[in-house]
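Asks: Respectively, the protein sequence lines represent chains A and B. Each step along the first sequence adds one to the number in our numbering, with nothing skipped, and position 14 is 18. Each step along the second sequence adds one to the number in our numbering, with nothing skipped, and position 126 is 130. The structure is given below, and queries will be raised subsequently.
Protein chains: 2
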Amino acid sequence: AKPRVGYFYVQDSSHLTDFNELYNIKLSKIKSVPVVVKEETSVYNAIVTLFLEDVGSLFVIDDDEALVGVISRKDLLKLTIGETDINQVPVSVVMTRMPNIITTRDNDTVFEAAEKLVNYEIDALPVVENLTDKAGVPLEDKLKVIGRVSKTNITRVFTDFGLEM
Amino acid sequence: AKPRVGYFYVQDSSHLTDFNELYNIKLSKIKSVPVVVKEETSVYNAIVTLFLEDVGSLFVIDDDEALVGVISRKDLLKLTIGETDINQVPVSVVMTRMPNIITTRDNDTVFEAAEKLVNYEIDALPVVENLTDKAGVPLEDKLKVIGRVSKTNITRVFTDFGLEM
C-alpha cells in the first residue's frame, strides 16, 4: 500500500534526528570564557598567560575594554624563533588588528562559527557585542569581547550531541 | 487517526537526516597527510617544519619508520620560552612518547576520533597501522603513521555535512 501524503515509512526512525537542533545551537550556549590582555603586555607575558589559562588564543583590548587585536599560539611560536626580544616587544606590534579580526555574536550558530573557523583558517573566534556610550547607545566600531569559540568548542558540541543520540 | 506501526507522521521531513551518516564517517575518508620528523631532529628544525607544512603537530619516527613520539605547537612554544637551547636539543627529549600516544585507525569513525581529541585534550591524532616484518606478519608494538586527524578535520567534516543538507 502506498503511504499517504505526510506519512513516511521508516524501518527504524531512531537514528533520524533533527540536524537543525545541532547546527543551530547558539554560541551563547557553548562559548568559553575569553582571556584578554592589554596592548602593552609583552609577548613573553602573553605566552605565560596562554599557559596559565590553557587557551590557544588571546584577545587584546585597549583601555576602554574595546577589542583591538587577536594573537594565537602560532603567532607567538613564530616570534620566539625570530630575532624579536619577546620581553621588550608588546603584543600590539604583532597581533592581528581590527578591522581584520573575524568575530561572532552570541546569537550566531555553531554552524556559522565552524564555517568561519574553517574558511579563515583560524583557531578561535572572539564572541563580541557592541560597547555602549554613557547614554547606553551602541558604539558601532567598538566591540566588547564576551566569549571565545574555538575548534575545541565545535568538536565538543559534535561529540556531546552524538552521545545524546 | 492513529498512524499504523512503522509509519510516522512528520510535517516536514526534509530536515531529518541520518546522523549515522555523519558520525560514522571513516577516518580513511577525511584524514590529512601526516608530517613526520626523525628523533634526532632539533627542536628548532621541528618548529621550522611545523611552519613550512602548516600543521599543529608533528609525529616522530625512528629509523624503522615506527612511531615513537608526538610533539605539538603547545609543547614547542613551552620550550622556546624556557632555558632549552632549541638548536641543540632533539625532539626525542621533549616529545610525548609511546606508549602514551593516543592513536586512531583508518576504520575508526569521526565520532570516535572527536571523543579522543576532547577527552585527552589533544590537538591531533596519528592514524596508524601495524608495521609488518619481512614475512608480512604484523608487528604488534610497531606502528606506522598513515594519517593525521585534528580538530580542524572534525570541524571541516561538520561544516561540509551541514552544507550538503
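Backbone N, C-alpha and C define an ideal beta-carbon position, used for all residues, glycine too.
1. Enumerated in chain order, which unbroken segments of the beta strand (DSSP E) with a length of 3 residues or greater are wholly contained in the stretch 30-54 of chain A?
2. Does the stretch 53-69 of chain B touch the stretch 85-93 of chain B, meaning 3 or more C-beta pairs lie closer than 8 Å?
3. How would you list, in chain order, the residues of chain B whose beta-carbon sits under 7 Å from the beta-carbon of residue 122 of chain A?
4. Which word fits residue 161 of chain A, buried or exposed, when buried means at least 16 other C-beta atoms lie within 10 angstroms of its C-beta?
5. Here's the rule: buried if 16 or more other CB atoms are within 10 angstroms of the residue's CB, otherwise exposed. What is residue 139 of chain B?
6. Please state the DSSP three-state secondary structure of residue 114 of chain A.
7. Would you kindly work out how many angstroms separate the C-alpha atoms of residue 168 of chain B and residue 52 of chain A, rounded to a whole number?
8. According to DSSP, simplified to helix, strand and coil, what is residue 60 of chain B?
9. Between the alpha carbons of residue 135 of chain B and residue 127 of chain B, how many angstroms are there, rounded?
10. Taking the beta carbon of residue 124 of chain B as the centre, do at least 16 other beta carbons fall within 10 Å, making it buried, or is it exposed?
11. DSSP beta-bridge partners for residue 148 of chain B?
12. Please determine, among B/46, B/144, B/105 and B/148, the residue with the shortest C-alpha to C-alpha distance to residue 129 of chain B.
13. So the candidates are B/132, B/83 and B/72; which of them puts its Cα closest to the Cα of residue 153 of chain B?
14. Can you name the residues that DSSP bridges to residue 100 of chain B?
15. For my contact list, residue 25 of chain A and residue 163 of chain B are in at a C-beta cut-off of 8 Å; report their separation, rounded to the angstrom.
16. Determine the DSSP secondary structure at residue 22 of chain B, reduced to helix, strand or coil.
17. With a cut-off of 7 Å, does the C-beta of residue 51 of chain B fall near any C-beta of chain A?
18. Does the beta-carbon of residue 1 of chain B have 16 or more other beta-carbons within 10 angstroms, so that it is buried, or is it exposed?
19. For residue 85 of chain A, would you say it is in contact with chain B, using Cβ-to-Cβ distances shorter than 7 Å as the test?
20. Closest Cβ-Cβ distance between residue 129 of chain A and chain B: below 7 Å?
21. Quick one, are the C-beta atoms of residue 64 of chain A and residue 72 of chain A less than 7 Å apart?
22. Would you say residue 119 of chain B faces chain E, with C-beta separation under 7 Å as the test?
23. What's the call for residue 23 of chain A, buried or exposed, on a 16-neighbour Cβ count within 10 Å?
24. Output, in sequence order along the chain, the residues in the stretch 61-77 of chain B whose CB is closer than 9 Å to any CB in chain A.
25. With DSSP as the reference, identify every bridge partner of residue 108 of chain B, one or two as the case may be.
26. Do residue 74 of chain B and residue 45 of chain B count as a contact pair if the criterion is CB distance below 7 Å?
27. In terms of alpha-carbon separation, which member of A/143, A/147 and A/114 lies closest to residue 157 of chain A?
28. Looking at the unbroken alpha helix (DSSP H) that takes in residue 155 of chain B, where does it start and where does it end?
29. Roughly how far, in whole angstroms, is the beta-carbon of residue 80 of chain A from the beta-carbon of residue 47 of chain A, given that I think they are within contact range, below 8 Å?
30. Any idea if residue 149 of chain A is buried or exposed, counting beta-carbon neighbours within 10 angstroms, 16 or more meaning buried?
31. Just mark residue 87 of chain B as buried or exposed, buried being the case when its beta carbon has 16 or more other beta carbons within 10 Å.
32. Using the Cα positions of residue 112 of chain A and residue 41 of chain B, report the straight-line distance between them to the nearest angstrom.
Replies: Quick look at the numbers:
1. Qualifying beta strand (DSSP E) stretches, in chain order: 40-42.
2. These segments do not touch.
3. On the first sequence, residue 122 of chain A is found 118 positions in, with the first residue counted as 1. By Cβ distance, chain B contributes 159, 160 and 163.
4. Residue 161 of chain A sits at position 157 when you count from the first residue of the first sequence. Looking at its Cβ environment, which holds 16 or more other Cβ atoms inside 10 Å, residue 161 of chain A is buried.
5. The residue labelled residue 139 of chain B in the question sits at position 135 within the second sequence. The residue is exposed, with fewer than 16 neighbouring Cβ atoms inside 10 Å.
6. For the purposes of this step, residue 114 of chain A is identified with residue 110 of the first sequence, where counting begins at 1. Looking at residue 114 of chain A - three-state DSSP - the assignment turns out to be helix.
7. Within the second sequence, residue 168 of chain B is the residue found at index 164, counting from 1. Within the first sequence, residue 52 of chain A is the residue found at index 48, counting from 1. Distance from the CA atom of residue 168 of chain B to the CA atom of residue 52 of chain A, rounded to whole angstroms, is 42 Å.
8. Numbered from 1 along the second sequence, position 56 holds the residue referred to as residue 60 of chain B. Three-state result, residue 60 of chain B: coil.
9. Position 131 of the second sequence, counting from 1, holds the residue named residue 135 of chain B. Position 123 of the second sequence, counting from 1, holds the residue named residue 127 of chain B. Per the coordinates, the alpha-carbon of residue 135 of chain B lies some 25 Å from the alpha-carbon of residue 127 of chain B.
10. Taking the second sequence and counting its residues from 1, one reaches residue 124 of chain B at position 120. Its Cβ having fewer than 16 others within 10 Å, residue 124 of chain B is exposed.
11. For the purposes of this step, residue 148 of chain B is identified with residue 144 of the second sequence, where counting begins at 1. According to DSSP, which records beta bridges pairwise, residue 148 of chain B is partnered with B/133.
12. Indexing the second sequence from 1 puts residue 129 of chain B at position 125. Considering only alpha carbons, the answer is B/105.
13. Counted from its first residue, the second sequence places residue 153 of chain B at position 149. Residue B/132 is the option with its Cα nearest to residue 153 of chain B.
14. In the second sequence, counting from the first residue as 1, residue 100 of chain B sits at position 96. Looking at the DSSP output, residue 100 of chain B sits in a beta bridge with B/74.
15. In the first sequence, residue 25 of chain A corresponds to position 21, counting from 1. In the second sequence, residue 163 of chain B corresponds to position 159, counting from 1. Approximately 16 Å separates the beta-carbon atoms of residue 25 of chain A and residue 163 of chain B; this is outside 8 Å, ruling out the contact.
16. Looking up residue 22 of chain B in the second sequence gives position 18. Assigned with DSSP and collapsed to three states, residue 22 of chain B falls in strand.
17. Residue 51 of chain B sits at position 47 when you count from the first residue of the second sequence. So yes, residue 51 of chain B belongs to the interface.
18. Absent from the model: residue 1 of chain B. The displayed extent of chain B is 5 to 169, so no value can be given.
19. Stepping through the first sequence from its first residue, residue 85 of chain A is reached at position 81. Residue-level contact check: residue 85 of chain A touches chain B, since one or more beta carbons of chain B fall below 7 Å from its beta carbon.
20. Mapped onto the first sequence, residue 129 of chain A falls at position 125. Not an interface residue.
21. In the first sequence, counting from the first residue as 1, residue 64 of chain A sits at position 60. In the first sequence, counting from the first residue as 1, residue 72 of chain A sits at position 68. Yes. Within cutoff.
22. The displayed structure is made up of protein chains A and B, and chain E is not among them.
23. Counted from its first residue, the first sequence places residue 23 of chain A at position 19. Per the 10 Å Cβ criterion, buried.
24. Per Cβ criterion, the list reads 77.
25. Locating residue 108 of chain B in the second sequence gives position 104, counting from the first residue. Its beta-bridge partners are B/131.
26. In the second sequence, counting from the first residue as 1, residue 45 of chain B sits at position 41. In the second sequence, counting from the first residue as 1, residue 74 of chain B sits at position 70. No.
27. For the purposes of this step, residue 157 of chain A is taken as the residue at position 153 of the first sequence. Nearest in C-alpha terms to residue 157 of chain A, of all of A/143, A/147 and A/114, is A/114.
28. Residue 155 of chain B sits at position 151 when you count from the first residue of the second sequence. Here the alpha helix (DSSP H) through residue 155 of chain B covers 155-168.
29. Stepping through the first sequence from its first residue, residue 80 of chain A is reached at position 76. Stepping through the first sequence from its first residue, residue 47 of chain A is reached at position 43. Contact annotation, residue 80 of chain A with residue 47 of chain A: C-beta distance approximately 7 Å; criterion of less than 8 Å satisfied.
30. Reading the first sequence from its first residue, position 145 is the one you call residue 149 of chain A. Buried: at least 16 other Cβ atoms inside 10 Å.
31. Here the question's residue 87 of chain B lines up with position 83 in the second sequence. Residue 87 of chain B should be labelled exposed.
32. The residue you call residue 112 of chain A lines up with position 108 of the first sequence. The residue you call residue 41 of chain B lines up with position 37 of the second sequence. Taking the CA atoms as reference points, residue 112 of chain A sits about 40 Å from residue 41 of chain B.
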